[in-house]
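Heads up, the sequence shown is in the working numbering, so the first residue is 413 and it goes up one at a time.
The structure appears below as structure tokens.
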Amino acid sequence: MKKFIGCLLLCLLTAAWGGTKEEENAEAQREAEELVARIKAMLADKERRAKTLPYPDATQDIDLRQEPEWISGWRQEEQSRFAGYLSGSEIDTLLVPCQVQANGIDTANRSLMTASLAQALSGSLRVADPYLVARALGDGERRLDPQNVLRLATQLGAKRIV
Numbered sequence: 413m414k415k416f417i418g419c420l421l422l423c424l425l426t427a428a429w430g431g432t433k434e435e436e437n438a439e440a441q442r443e444a445e446e447l448v449a450r451i452k453a454m455l456a457d458k459e460r461r462a463k464t465l466p467y468p469d470a471t472q473d474i475d476l477r478q479e480p481e482w483i484s485g486w487r488q489e490e491q492s493r494f495a496g497y498l499s500g501s502e503i504d505t506l507l508v509p510c511q512v513q514a515n516g517i518d519t520a521n522r523s524l525m526t527a528s529l530a531q532a533l534s535g536s537l538r539v540a541d542p543y544l545v546a547r548a549l550g551d552g553e554r555r556l557d558p559q560n561v562l563r564l565a566t567q568l569g570a571k572r573i574v
């Protein structure tokens, strides 16, 4: 961004000093100074907003291993209910929904990828319904807790986890 501002300022100043009339040069110089002032104000505003955000800015490092501080009772009850729906089925493979970290694929495409993989595996293996598994593990989560995955696999009697 600083290189862009520097190049823009250089171009504007060159255009301002390259004119033939003093009035045009003064006007161009004034416009260049106004533009630089606006850009500086925008950068200062961005820094001010970044300091007041309750969540990390995209430019800051994020610890992806950090566990959530809380999980709602509603969410826990929903996960146990969907795990109960799965418990009656006979499976040998638990297909865990696709996961991402940092910048990645959106929820709908991750769901489609998981369903496509489940369909491909179902020809030779008994795979649990990927949508029920996703709801049992926390539907829409970017990263899943490995302990929850192991607990669900043990509960369902799965021999493999994919």
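Even glycine gets a Cβ: it sits at the ideal position worked out from N, Cα and C.
Values in this document were obtained by computation on a predicted structure and should not be read as measured data.
Can you tell me the Cα-Cα spacing of residue i and residue j, whole angstroms?
i    : j    : result
L447 : L455 : 12 Å
K571 : R563 : 13 Å
G552 : A546 : 8 Å
L382 : S501 : Since the displayed the chain opens at 413 and closes at 574, residue 382 lies outside it and no answer follows.
E434 : R460 : 39 Å
R450 : Q441 : 14 Å
For residue i, which option in the options has the closest C-alpha, if you only look at C-alpha atoms?
i    : options                   : result
L498 : K571, E436, Q567 and V574 : Q567
V574 : L529, Y543, A438 and A548 : L529
I483 : V561, G550 and G569       : G550
Skipping 5 residues on each side, what residues in its chain have a beta carbon closer than 6 Å to that of residue i?
i    : result
R493 : none
Helix, strand or coil for residue i, going by three-state DSSP, please let me know.
i    : result
L455 : helix
L568 : helix
L506 : strand
T471 : At T471 the pLDDT is 49, less than 50, meaning the model places this residue with poor confidence and gives no usable figure here.
V539 : strand
Excluding the 5 residues flanking residue i on each side, which residues of the same chain have their C-beta closer than 7 Å to its C-beta?
i    : result
Q511 : R554, R555 and L556
L537 : D504 and T505
K458 : none
Cutting at 8 Å between CB atoms, please list the residues of its own chain near residue i, excluding the five before and the five after it.
i    : result
A527 : P542 and Y543
E489 : none
Using 8 Å as the threshold, is the stretch 526-536 in touch with the stretch 547-560, meaning 3 or more CB pairs across them?
Contact between the stretch 526-536 and the stretch 547-560 is absent, because fewer than three Cβ pairs lie under 8 Å.
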